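Chemist: Numbering-wise (the working numbering), the sequence shown opens with residue 1 and increments by one. We put the beta carbon where it would ideally sit given N, CA and C, even for glycine. Bear in mind the structure is a predicted one, so any value in this text is a computation, not a measurement. Please find one structure pasted underneath; my questions will follow.
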Amino acid sequence: MQSCYIKLAAHTIKVNAIYETTMEFCKEYLLPNDICGCDFDLEITVEQKDIELERQKSESEDIKECIPIRHFSDEYLETLAVYRQIAEQMVDYDTLLFHGSAIAVDGQGYLFTAKSGTGKSTHTRLWREYFGERAVMVNDDKPLLKITEDGVTIYGTPWDGKHRLSNNISVLLKAICILNRDETNHIEQVSGRKGYPLLLQQTYRSAEPLKLMRTLELLDRMIENTSIYSLGCNMRPEAAKVAYEGMQTVTSKERRETK
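Structure, rendered in structure tokens:
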């Protein structure tokens, strides 16, 4: 068993893993063992049964999607098992695992989400090309979102998609954008009720009733205090300009804060 300490969403986590490759996977978030000692917020331990559960889940998803069953190594599946356990416990710290591509421009965070294969990563790449050094990738796949009364903070994590695009940073969330393919680029603000089904689908949900209830409470709070947009996007360079400019409207929350 290998042990290390990582820091995610401002919390120190002790990870007990089978494979040393898990420590390499989390290297940008590692903390010195001699400094942390017994001082950590939560602890997770991965066993072989957890790895087998990830294999079963992966195979079930492949069957559901009608694609050939993929065969992943135990080392890779362990990283999934680690994040699943972290997500299970993070809800107790008002923090959710969310499936989306998060980018910051001028220090403000924008979170793009959509059904698989729609082009979240492609769209945030357009943002990096359009804004240059003003744009910084937070996480391209599974960021953590901490929900407080002051708003939502997006945190980078090592679980950042096949392109491994992330940074160990945190930014306040400006807006969430639901991405849709279209022939023309257009954006509009939508109600939380309209966006709720997809946002719920993209949020990690525990099977444990109390944790699930807490997840739903946090999701409701996030939607209530965050501007949500729907973007029709043709994946051409001007899509980034249309999306960014469309999300600069002053929100009701911002109006209240300036009074």
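Helix, strand or coil for Glu-257? Go by DSSP, reduced to three states.
Modeler: For Glu-257, the predicted model reports a pLDDT of 45, less than 50, meaning its position is unreliable and no value from the coordinates is stated.
Chemist: Any chance the segment 38 to 57 sits against the segment 10 to 19, with 3 or more Cβ pairs inside 8 Å?
Modeler: Counting Cβ pairs under 8 Å, three or more are found: they touch.
Chemist: Let me make sure I understand the geometry here. Which of Ile-187, Asp-220 and Phe-72 has the alpha-carbon closest to that of Glu-54?
Modeler: The candidate whose alpha carbon is nearest that of Glu-54 is Phe-72.
Chemist: Check each candidate in Ala-240, Val-136, Lys-211 and Glu-75 and name the one with the smallest Cα separation from Gln-108.
Modeler: Per the Cα distances, Val-136.
Chemist: At the level of alpha carbons, what is the spacing between Arg-221 and Leu-31?
Modeler: Near 31 Å, if we compare the C-alpha coordinates of Leu-31 and Arg-221.
Chemist: Could you pull the DSSP bridge partners for Ser-60 from this structure?
Modeler: According to DSSP, Ser-60 bridges with nothing at all.
Chemist: Using beta carbons (cut-off 8 Å, strictly below), is Asp-220 in contact with chain C?
Modeler: Absent from the structure is chain C; it holds one protein chain and no more.
Chemist: Measuring only the C-alpha atoms, how far is Thr-22 from Asp-160?
Modeler: Looking at the two C-alpha atoms, the distance is approximately 14 Å.
Chemist: Report the three-state DSSP secondary structure of Ser-252 (helix, strand or coil).
Modeler: Here Ser-252 scores only 45 on pLDDT, less than 50, and its place in the model should not be relied on; the value that follows carries that caveat. Here Ser-252 sits in helix by DSSP.
Chemist: Is it buried or exposed, Gly-132, if we count other Cβ atoms within 10 angstroms and call 16 or more buried?
Modeler: Under this definition Gly-132 is an exposed residue.
Chemist: Just to confirm my understanding: we take His-186, look at its own chain, exclude 5 residues before and 5 after, and list those with CB closer than 6 Å. What are they?
Modeler: Excluding residues within five positions, the ones whose Cβ falls inside 6 Å are Gly-232.
Chemist: Hey, how far is the Cα of Asp-150 from the Cα of Pro-68?
Modeler: If you take the alpha carbons of Asp-150 and Pro-68, they lie about 45 Å apart.
Chemist: Leaving out the 5 sequence neighbours to the left and right, which residues in its chain are closer than 7 Å to Phe-234 when beta-carbon positions are compared?
Modeler: In the sequence on display, residue 234 carries Asn and not Phe. Answer for Asn-234: Asp-182, Glu-183, Thr-184 and Asn-185, listed in chain order.
Chemist: Taking just the CA atoms, how far does Pro-143 sit from His-163?
Modeler: Computed Cα separation, rounded: 14 Å.
Chemist: Identify the residues that DSSP records as bridge partners of Gly-151: which are they?
Modeler: In the DSSP output, where bridge partners are listed per residue, Gly-151 has Thr-148.
Chemist: Which residue marks the beginning of the beta strand (DSSP E) containing Phe-25, and which one marks its end?
Modeler: That residue, Phe-25, is in no beta strand (DSSP E); its alpha helix (DSSP H) goes 21 to 25.
Chemist: Could you check where the alpha helix (DSSP H) with Thr-124 kicks off and where it finishes?
Modeler: It spans 120 to 131 - the alpha helix (DSSP H) in which Thr-124 sits, taken as one unbroken run.
Chemist: Whole angstroms are fine: how far does the CA of Arg-236 sit from the CA of Pro-273?
Modeler: Within the shown structure, residues of the chain are numbered from 1 to 259, placing residue 273 beyond reach of any answer.
Chemist: Would you give the residue range spanned by the alpha helix (DSSP H) that Val-138 belongs to?
Modeler: Val-138 -> not in any alpha helix (DSSP H); beta strand (DSSP E) instead, spanning 135 to 139.
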